[in-house]
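Trainee: Starting off with a structure, shown below.
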Amino acid sequence: MNLLNEFLRHLLFLPQQASEWARQLDYLHYFVFVTAMLGAWTTLATATVFVFRYRRKHAEQSTPIVDPKPIHEAVFIGLPLVLFLAYFAIGYPQYVRLQTPPRGAIDVYVQGKKWMWKFAYPDGPNSTDVLRVPAGRPVRLLMTSRDVIHSFYVPALRLKQDALPGRYTQVWFNADAPGRYPIFCAEYCGLGHSAMLGELVVMPAAEWDAWVEQQRRGGNPRAQDGQPTAAEDVDLRGSIVEQGRRIAAVQGCFKCHSVDGSQHIGPTWLDLYGRSVKLENGKTIVADEAYLTRSMMEPNAEIVAGYKGVMPTYQGKLTGPDAAAITEFIKSLRTDAPTAEPQKGPAYVPVTGK
Amino acid sequence: MSQSPASSPVYNEPNYLDAEKGLRSWLTTLDHKRIGVMYLVLTLVGFFLGGVFALLIRLELLTPGPTIMDAMTYNRMFTLHGVVMIFLFMIPAIPGIFGNFFIPLMIGAQDVAFPRINLLSVYLYLAGAAIALVGMINGGTDTGWTFYTPYSTTTVTTVAPVLLGAFILGMGSIVTGLNFIVTVHTMRAPGVTWMRLPLFVWAMYATSVIQVLATPVLGMTLLLVAFEKVFGFGIFDPARGGDPILFQHLFWFYSHPAVYIMILPAMGVVSEVVQTFARKNMFGYKAVAFSSLGIAFVGFFVWGHHLFTSGQSTFASGVFGVLSMFVGLFTAIKVFNWTATMYKGAIQVSAPFVYFMGFLYFLVFGGLTGIALSTVSLDVHWQDTYFVVAHFHFIMVGGTIMAFLAGLHYWWPKMFGKMYSERWALAAAVLVIIGFNATFIPQFLLGNMGMPRRYYSYPEQFWPLNVASTAGASLLAFGFTLILFYLIASLVKGRASGPNPWLSRGYEWNTPSPPSLQNFPQTPEYDRGPHEYQDGPAAAEVKHAH
Chain A
73 MNLLNEFLRH LLFLPQQASE WARQLDYLHY FVFVTAMLGA WTTLATATVF
123 VFRYRRKHAE QSTPIVDPKP IHEAVFIGLP LVLFLAYFAI GYPQYVRLQT
173 PPRGAIDVYV QGKKWMWKFA YPDGPNSTDV LRVPAGRPVR LLMTSRDVIH
223 SFYVPALRLK QDALPGRYTQ VWFNADAPGR YPIFCAEYCG LGHSAMLGEL
273 VVMPAAEWDA WVEQQRRGGN PRAQDGQPTA AEDVDLRGSI VEQGRRIAAV
323 QGCFKCHSVD GSQHIGPTWL DLYGRSVKLE NGKTIVADEA YLTRSMMEPN
373 AEIVAGYKGV MPTYQGKLTG PDAAAITEFI KSLRTDAPTA EPQKGPAYVP
423 VTGK
Chain B
2 MSQSPASSPV YNEPNYLDAE KGLRSWLTTL DHKRIGVMYL VLTLVGFFLG
52 GVFALLIRLE LLTPGPTIMD AMTYNRMFTL HGVVMIFLFM IPAIPGIFGN
102 FFIPLMIGAQ DVAFPRINLL SVYLYLAGAA IALVGMINGG TDTGWTFYTP
152 YSTTTVTTVA PVLLGAFILG MGSIVTGLNF IVTVHTMRAP GVTWMRLPLF
202 VWAMYATSVI QVLATPVLGM TLLLVAFEKV FGFGIFDPAR GGDPILFQHL
252 FWFYSHPAVY IMILPAMGVV SEVVQTFARK NMFGYKAVAF SSLGIAFVGF
302 FVWGHHLFTS GQSTFASGVF GVLSMFVGLF TAIKVFNWTA TMYKGAIQVS
352 APFVYFMGFL YFLVFGGLTG IALSTVSLDV HWQDTYFVVA HFHFIMVGGT
402 IMAFLAGLHY WWPKMFGKMY SERWALAAAV LVIIGFNATF IPQFLLGNMG
452 MPRRYYSYPE QFWPLNVAST AGASLLAFGF TLILFYLIAS LVKGRASGPN
502 PWLSRGYEWN TPSPPSLQNF PQTPEYDRGP HEYQDGPAAA EVKHAH
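Heads up: the sequence lines are chains A and B, in that order.
Take the first sequence: its position 23, counting from 1, is numbered 95 in this note's numbering, and each next residue is one higher.
Take the second sequence: its position 118, counting from 1, is numbered 119 in this note's numbering, and each next residue is one higher.
Okay, here's the thing in structure tokens:
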């Protein structure tokens, strides 16, 4: 059975199965695939045989009138009907099971927003884009969206649920294979739709308990969002620039703003500070601290020429020190910033005559 | 053939192409045949544009990251592709071209019931297409053809013009449908009983019913979205007290039946093609005719299968799932009957028949993947992935476009009196069929892997299959271009086809090719059904004097 499962899973390019529900769904998938293929090829092979068997012999050949008997049409209707209803009879109860979370499941609040996933556990930790769950325990996701419709999709769980603005939806799963699995957004939501990626981390239950406990003790109580990974924990002893980088990462700024000068959904932060920025309304403004802070709080007030006003406001989500740290981080991103490495180019500026 | 007026009809009029000359005579024509030809030209322009957008999408997806355009351009591109292909080609093409041209010829009428309204529909198409295209290109609409709220009502791009364009195109669709219904009810020649009605006419009749009943709901919905976007109504946007799922229910109440507006005419076309090229009457005529009506009816009650993961009630999902199975059932009935029609036939493997076989293969797999999708639980994995994209392209391209090409090749000599090069036609058919498989089979597998649709960039594990799909799309484009070339060549220097090159006994072949301006000098009368090949030509054929 296991070997057959692996064979068919690879044949159909299906991803890993991280829950019992995913396995059950794949079994139905195999059943539908095999029976449908048999039916299809029987029909099409018959048609193809007819094409070879009944070739036209001369141009105006006469053919007999062949009309069906009631039994023919009954078979034509009955066979597919039985097969289709069998699919439904297996598939619908599976769907009902998915829609009915068990009692005692761990609740996680999921919020989709352009273009990130936020996860909040009732007893403490929050996180952006990384959902940590214990293996072998049912988890119920309570979902909503801040802006447009998103859809929470974990292929390894064969699980998908739309996150709707102004409404809560729910879905549950019981992941039993520890590992890391991608989360996609399956409902088109604009520029960053395909970059709205997350990660499901299924941890052994004991490890997860320890992680929750650690978060509860060490978590920053005023943080809106927690830490994507242990390595990303905000180190309050770091420089303000380093803090700014971490806060920006946690807030998802890098989904739209690059730090290496490359074009993205928003303007790059490299060499942004102090530059004259051309705005959509034709004005030019110098990117100073005030401008940078304003852009976080009122992003649509001054839109940079060539970009769309798609950035959400961070008013009420970034504290003063957070915004200041991000600003300092942006200020540090300069191509001419002194580096520890020796200069590679010529040490002097060559003088060129006209 | 089986025409039984005492004297043979005398066709002393010039054919409809030569009857009048000049652009003005075309722009003001009330002749259903000329209107069909105008639709041919217009919808082919739409198909060409939609195809170019499709190629640009496939090129962008050649590599996981940015390839030839930025994310915003990509989002606009798939919106353009969807809107243009659906509203400017899929919905109007077969009804507009073949429906207009052949319904009167097939039922022995001189024209459709309302020739002026028929001409109006062409101008509605032109106006709607112009507004939608200019609006989309100027305003940069990025919503996708589904216009899901609240994305469509909050996006920074312009949406109202394309909604207005689609609204006007919908009007054209409604009047065409109304025209066909009245024509079929009131203008059948003596002897053309409902049970002798050519199956293409049955399919067009069922299609027209959907067009008349469902399209107003689309118009209403699109207007509401436009009002919300422009005047700030709070109907769909929860931030203003609306309900985004309401939009999905209203939208799919039209747009799911619209899928059958696209595929039913195709089923009608291949019913004619298989009878002619197998030289057989349809096995199970009634089953094929009534299953068209069955699809039209059940098609109104399946829209909720687009909402299995939206949070709609579990019970509703079950009902919509099981009802969706019946669409597959009616389609299966047709497939079995088309297959059985070939039994004891006399099959001529010409280009239209090759397209018919392509259609049959693709429809079977497109249909069965549809059944799999309506097996409610499986849809949870596949919803909004490339599996769905592959499924509906199997129906739309593998079904409708194969049937369109079958019909175009089958009726080309009827419409223009010229033959195309059979050798080039077979070569193009093989290219198109191989290209189609290479484009869309990888997309099924991408969907199984979990690649969501409308993705501008994608993780690397999806790369190889995307390359395969893009390679297939270029073959497909090459095949379509080839068809365009030899068909134009046939107009310029093709040999005359004669009135009935396929020796078909379909009613429409009962006139010269191309038909004369006035379809029939006197009302024809029929004493047997179309496509009865049980006796020799002498018994069936009626020679027409010129």
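Cβ atoms here follow ideal geometry from the backbone N, Cα and C, with glycine treated the same way.
Going along the chain, which residues of the segment 240-261 of chain A sit with their C-beta nearer than 9 Å to a C-beta in chain B?
Mentor: Within the segment 240-261 of chain A, the residues whose Cβ lies closer than 9 Å to some Cβ of chain B are Tyr240, Thr241, Gln242, Val243, Pro254, Phe256, Cys257, Ala258, Glu259, Tyr260, Cys261, listed in chain order.
Trainee: Counting only Cβ pairs nearer than 8 Å, list the residues of chain B close to Phe148 (chain A).
Mentor: Here residue 148 (chain A) is taken as the residue at index 76 of the first sequence, counted from 1. Neighbours of Phe148 (chain A) on chain B, chain order: Gly285, Ala288, Ala333, Ile334, Phe337, Asn338.
Trainee: Count the other CB atoms, across all protein chains shown, that sit within 10 Å of the CB of Pro15 (chain B); report buried if there are 16 or more and exposed otherwise.
Mentor: On the second sequence, residue 15 (chain B) is found 14 positions in, with the first residue counted as 1. With fewer than 16 other Cβ atoms within 10 Å, it is exposed.
Trainee: Please check if any C-beta of chain A sits within less than 9 Å of the C-beta of Phe309 (chain B).
Mentor: Locating residue 309 (chain B) in the second sequence gives position 308, where the first residue counts as 1. Output row for Phe309 (chain B): interface = yes.
Trainee: Using the beta-carbon of each residue, which ones in chain A are nearer than 9 Å to Pro266 (chain B)?
Mentor: The residue given as residue 266 (chain B) occupies position 265 in the second sequence. What Pro266 (chain B) touches in chain A: nothing, since even the nearest Cβ is about 22 Å away.
Trainee: Quick one: list the residues of chain B neighbouring Arg128 (chain A), beta-carbon separation under 7 Å, in chain order.
Mentor: Here residue 128 (chain A) corresponds to residue number 56 of the first sequence, with the count starting at 1. Residues of chain B passing the Cβ test: Arg280, Ala347, Ile348, Gln349.
Trainee: Which class does Val350 (chain B) belong to by DSSP, given the choice of helix, strand or coil?
Mentor: Within the second sequence, the letter at position 349 stands for residue 350 (chain B). The answer is coil: DSSP assigns Val350 (chain B) none of H, G, I, E or B.
Trainee: In the DSSP assignment, find the alpha helix (DSSP H) that holds Trp339 (chain B) and state where it starts and stops.
Mentor: The sequence position of residue 339 (chain B) within the second sequence is 338, counting from 1. Looking at the DSSP string, the run of the alpha helix (DSSP H) that includes Trp339 (chain B) is 315-342.
Trainee: Just reading off the alpha helix (DSSP H) that Lys415 (chain B) is part of, what are its end residues?
Mentor: Taking the second sequence and counting its residues from 1, one reaches residue 415 (chain B) at position 414. 403-417 is the span of the alpha helix (DSSP H), which, as asked, contains Lys415 (chain B).
Trainee: For a test of the three-state rule: what should DSSP assign to Ser134 (chain A), helix, strand or coil?
Mentor: The residue labelled residue 134 (chain A) in the question sits at position 62 within the first sequence. Coil.
Trainee: Name the DSSP beta bridge partners of Lys350 (chain A), please?
Mentor: Within the first sequence, numbered from 1, the residue matching residue 350 (chain A) stands at position 278. Its beta-bridge partners are A:Thr356.
Trainee: Kindly indicate the opening and closing residues of the alpha helix (DSSP H) around Tyr126 (chain B).
Mentor: Start at 1 with the first residue of the second sequence, and residue 126 (chain B) comes out as number 125. From DSSP, the alpha helix (DSSP H) with Tyr126 (chain B) extends over 116-140.
Trainee: Give every residue of the same chain whose Cβ lies closer than 7 Å to the Cβ of Thr411 (chain A), excluding the five residues on either side of it in the sequence, and list them in chain order.
Mentor: For the purposes of this step, residue 411 (chain A) is identified with residue 339 of the first sequence, where counting begins at 1. Its pLDDT being 48, under 50, Thr411 (chain A) is placed unreliably in this model, and the coordinates cannot settle the point.
Trainee: Let me see if you follow: with CB-CB separation under 9 Å, is Leu84 (chain A) close to chain B or not?
Mentor: For the purposes of this step, residue 84 (chain A) is taken as the residue at position 12 of the first sequence. Closer than 9 Å: yes.
Trainee: May I have a chain-ordered list of the alpha helix (DSSP H) segments no shorter than 4 residues that lie completely inside the segment 422-462 of chain B?
Mentor: Listed in chain order, the complete alpha helix (DSSP H) runs (minimum 4 residues) inside the segment 422-462 of chain B are 423-450.
Trainee: Verify whether the separation of the beta carbon atoms of Leu43 (chain B) and Gly97 (chain B) is less than 9 Å.
Mentor: Within the second sequence, numbered from 1, the residue matching residue 43 (chain B) stands at position 42. Within the second sequence, numbered from 1, the residue matching residue 97 (chain B) stands at position 96. In this structure, Gly97 (chain B) lies closer than 9 Å to Leu43 (chain B) by Cβ.
Trainee: Helix, strand or coil, according to DSSP, for Lys345 (chain B) in the structure here?
Mentor: For this step, residue 345 (chain B) is matched to residue 344 along the second sequence. Looking at Lys345 (chain B) - three-state DSSP - the assignment turns out to be coil, as it is neither helix nor strand.
Trainee: So with Cβ pairs under 9 Å, would you call Lys232 (chain A) a contact of chain B?
Mentor: The residue you call residue 232 (chain A) lines up with position 160 of the first sequence. Output row for Lys232 (chain A): interface = yes.
Trainee: Give the straight-line distance between the Cα atoms of Val104 (chain A) and Phe441 (chain B), rounded to the nearest whole angstrom.
Mentor: Locating residue 104 (chain A) in the first sequence gives position 32, where the first residue counts as 1. Locating residue 441 (chain B) in the second sequence gives position 440, where the first residue counts as 1. Distance between the alpha carbons of Val104 (chain A) and Phe441 (chain B) is about 20 Å.
Trainee: Closest by CA to Ser311 (chain B), which one among A:Lys350, A:Val121, A:Phe224?
Mentor: By 1-based counting over the second sequence, the position of residue 311 (chain B) is 310. It is A:Phe224 whose Cα lies nearest to the Cα of Ser311 (chain B).
Trainee: Can you find a CB in chain E that lies within less than 9 Å of the CB of Arg25 (chain B)?
Mentor: Given the protein chain composition of this structure (A and B), no chain E is represented.
Trainee: Ends of the alpha helix (DSSP H) at Lys185 (chain A)?
Mentor: As a first step, residue 185 (chain A) must be located in the first sequence, where it is residue number 113. Premise fails: Lys185 (chain A) lies in the beta strand (DSSP E), 178-185, not in any alpha helix (DSSP H).
Trainee: Helix, strand or coil for His222 (chain A), going by three-state DSSP, please let me know.
Mentor: Locating residue 222 (chain A) in the first sequence gives position 150, where the first residue counts as 1. Three-state result, His222 (chain A): strand.
Trainee: Do you know whose CA, among B:Gly371, B:Ala290, B:Ala404, B:Phe417, lies nearest Met196 (chain B)'s CA?
Mentor: If you number the second sequence from 1, residue 196 (chain B) lands on position 195. Minimum Cα distance to Met196 (chain B) is reached at B:Ala290.
Trainee: Would you mind reading off the limits of the alpha helix (DSSP H) that contains Phe99 (chain B)?
Mentor: The residue you call residue 99 (chain B) lines up with position 98 of the second sequence. Neither: Phe99 (chain B) is in no alpha helix (DSSP H) and is coded neither H nor E.
Trainee: Would you list, in chain order, the members of the segment 69-80 of chain B that have their beta-carbon closer than 8 Å to a beta-carbon of chain A?
Mentor: Against chain A - using a Cβ distance shorter than 8 Å - the residues of the segment 69-80 of chain B are Asp71, Ala72, Met73, Asn76.
Trainee: State the Cα-Cα distance for the pair Phe156 (chain A) and Ile372 (chain B), rounded to the nearest angstrom.
Mentor: On the first sequence, residue 156 (chain A) is found 84 positions in, with the first residue counted as 1. On the second sequence, residue 372 (chain B) is found 371 positions in, with the first residue counted as 1. Cα to Cα, Phe156 (chain A) sits roughly 7 Å from Ile372 (chain B).
Trainee: Below 9 Å on C-beta distance, what does Leu153 (chain A) contact in chain B?
Mentor: Start at 1 with the first residue of the first sequence, and residue 153 (chain A) comes out as number 81. By Cβ distance, chain B contributes Met326, Phe327, Leu330, Ala333.
Trainee: For Gln384 (chain B) and chain A, any beta-carbon pair shorter than 9 Å?
Mentor: To locate residue 384 (chain B), count along the second sequence from 1; it is residue 383. Gln384 (chain B) counts as touching chain A.
Trainee: Determine which residues of the segment 107-121 of chain A have a Cβ less than 7 Å from any Cβ of chain B, and write them out in chain order.
Mentor: From the segment 107-121 of chain A, only Ala108, Ala112, Thr115, Leu116, Thr118, Ala119 have a Cβ closer than 7 Å to chain B.
Trainee: Within 10 Å of its beta-carbon, does Thr407 (chain A) have 16 or more other beta-carbons around it, so buried, or fewer, so exposed?
Mentor: By 1-based counting over the first sequence, the position of residue 407 (chain A) is 335. Flag for Thr407 (chain A) reads exposed.
Trainee: Closer than 8 Å by beta-carbon distance: list the chain B residues that pair up with Leu100 (chain A), in chain order.
Mentor: For the purposes of this step, residue 100 (chain A) is taken as the residue at position 28 of the first sequence. Chain B residues near Leu100 (chain A): Thr376, Ser378, Leu379.
Trainee: Applying a beta-carbon distance threshold of less than 9 Å, which residues of chain A neighbour Ala103 (chain B)?
Mentor: Position 102 of the second sequence, counted from the start, is the residue given in the question as residue 103 (chain B). At residue 103 (chain B) the sequence reads Phe, which differs from the Ala that was named. The contacting residues do not exist; Phe103 (chain B) stays about 23 Å from chain A at best.
Trainee: Just the C-alpha distance for Val365 (chain B) and Tyr102 (chain A), rounded to the nearest angstrom, thanks.
Mentor: Position 364 of the second sequence, counted from the first residue, corresponds to residue 365 (chain B). Position 30 of the first sequence, counted from the first residue, corresponds to residue 102 (chain A). The straight-line gap from Cα to Cα measures roughly 18 Å.
Trainee: Whose Cβ in chain B lies nearer than 7 Å to the Cβ of Pro384 (chain A)?
Mentor: Position 312 of the first sequence, counting from 1, holds the residue named residue 384 (chain A). The premise fails here: Pro384 (chain A) is roughly 11 Å from chain B at the closest Cβ pair, so nothing lies under 7 Å.
Trainee: Compare the C-beta of His144 (chain A) against all C-beta atoms of chain B and say whether one is closer than 9 Å.
Mentor: Walking along the first sequence from the start, residue 144 (chain A) turns up at place 72. Output row for His144 (chain A): interface = yes.
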